[in-house]
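For the protein sequence lines, the chains are A and L, in the order given.
Sequential numbering from 591 applies to the first sequence in the working numbering.
Sequential numbering from 926 applies to the second sequence in the working numbering.
Following: one structure in structure tokens, then a few remarks.
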Amino acid sequence: NAGVTQTPKFQVLKTGQSMTLQCAQDMNHEYMSWYRQDPGMGLRLIHYSVGAGITDQGEVPNGYNVSRSTTEDFPLRLLSAAPSQTSVYFCASRRPGLGIQYFGAGTRLSVL
Amino acid sequence: AQRVTQPEKLLSVFKGAPVELKCNYSYSGSPELFWYVQYSRQRLQLLLRHISRESIKGFTADLNKGETSFHLKKPFAQEEDSAMYYCALLDGGATNKLIFGTGTLLAVQP
Chain A
591 NAGVTQTPKF QVLKTGQSMT LQCAQDMNHE YMSWYRQDPG MGLRLIHYSV GAGITDQGEV
651 PNGYNVSRST TEDFPLRLLS AAPSQTSVYF CASRRPGLGI QYFGAGTRLS VL
Chain L
926 AQRVTQPEKL LSVFKGAPVE LKCNYSYSGS PELFWYVQYS RQRLQLLLRH ISRESIKGFT
986 ADLNKGETSF HLKKPFAQEE DSAMYYCALL DGGATNKLIF GTGTLLAVQP
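Okay, here's the thing in structure tokens:
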């Protein structure tokens, strides 16, 4: 019963460094999403994918890349980290057409 | 445009008091709405959805299409209800996105 698994749980980066946040789900969900959670801003959609090989931008995609080579995995790449990307990042998955979404435990990222 | 509005960032009540967390939406069509909850240091999880018309942990939410609202209510708050609550709307269009409000932090004081 792993559900949605995110790694790492915590990360500290220096400005300009790159890194990949990992997300995997074992529920065979076609739909996967990345959100960032900031105080007062709620959950903002970064990128999403409706299936392997298909990705699209959410409302705050700048500075992030995604790919979806398998149904299970949906990594989020920060190309050149900036302090504005300090946030808590959540990965989520669900079946298309259903609003019941399963979330990972989150990655707390600090960019210095 | 589809939008979910939660006007209160913080709602503080005393234990035993009634709770109402407000959610308004903008959607052209028949909406499908949800409440998600995030307890301290836990992952977000579904609390309830309007189509099931159920009560979870004493919470209920009724869809009011005339007022475009989906407020979350509980008659008697408990300290363990303290959490962040998010209202969400499923966009039934091509993108099929789940659109979240900005969240309300409920603090139940002893």
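Where is the CB? At the ideal position from N, CA and C, for every residue including glycine.
The alpha-carbon of W624 (chain A) is positioned some 36 Å away from that of P1035 (chain L).
The residue among A:G641, A:G689, A:C613 and A:R634 with its C-alpha nearest the C-alpha of L973 (chain L) is A:G689. With fewer than 16 other beta carbons inside 10 angstroms of its own, M631 (chain A) counts as exposed.
Sequence-ordered contacts of the stretch 671-698 of chain A with chain L read F680, A682, R684, P686, G687, L688, G689, I690, Q691, Y692, F693, G694, A695 and G696 [C-beta pairs closer than 9 Å].
CA-CA distance, L669 (chain A) to S608 (chain A), rounds to 5 Å. Straight through space, the alpha carbons of D628 (chain A) and M1009 (chain L) are spaced by roughly 12 Å. Residue environment analysis places F984 (chain L) among the buried positions, since at least 16 neighbouring C-beta atoms fall within 10 angstroms of its C-beta. For a Cβ distance threshold of 7 Å, nothing in chain L lies close to M622 (chain A): the least Cβ distance comes to about 12 Å. Contact residues of the stretch 981-1012 of chain L toward chain A are Y1011 (C-beta to C-beta distance below 7 Å). Annotation: E979 (chain L) has no Cβ neighbours in chain A at a cutoff of 8 Å; minimum Cβ distance is about 13 Å.
Between the stretch 954-967 of chain L and the stretch 1008-1027 of chain L, the count of C-beta pairs closer than 8 Å reaches three or more; the two stretches touch. Of the candidates L:N1021, L:L1031 and L:P932, the residue whose Cα lies closest to the Cα of D646 (chain A) is L:N1021. With respect to V678 (chain A), G696 (chain A) sits close: the two C-beta atoms are nearer than 8 Å. Bounds of the beta strand (DSSP E) holding K999 (chain L) are L997 to K999.
Note on the stretch 968-1025 of chain L: whole beta strand (DSSP E) runs with a minimum of 3 residues are 970-974, 997-999, 1008-1015 and 1023-1025, in chain order.
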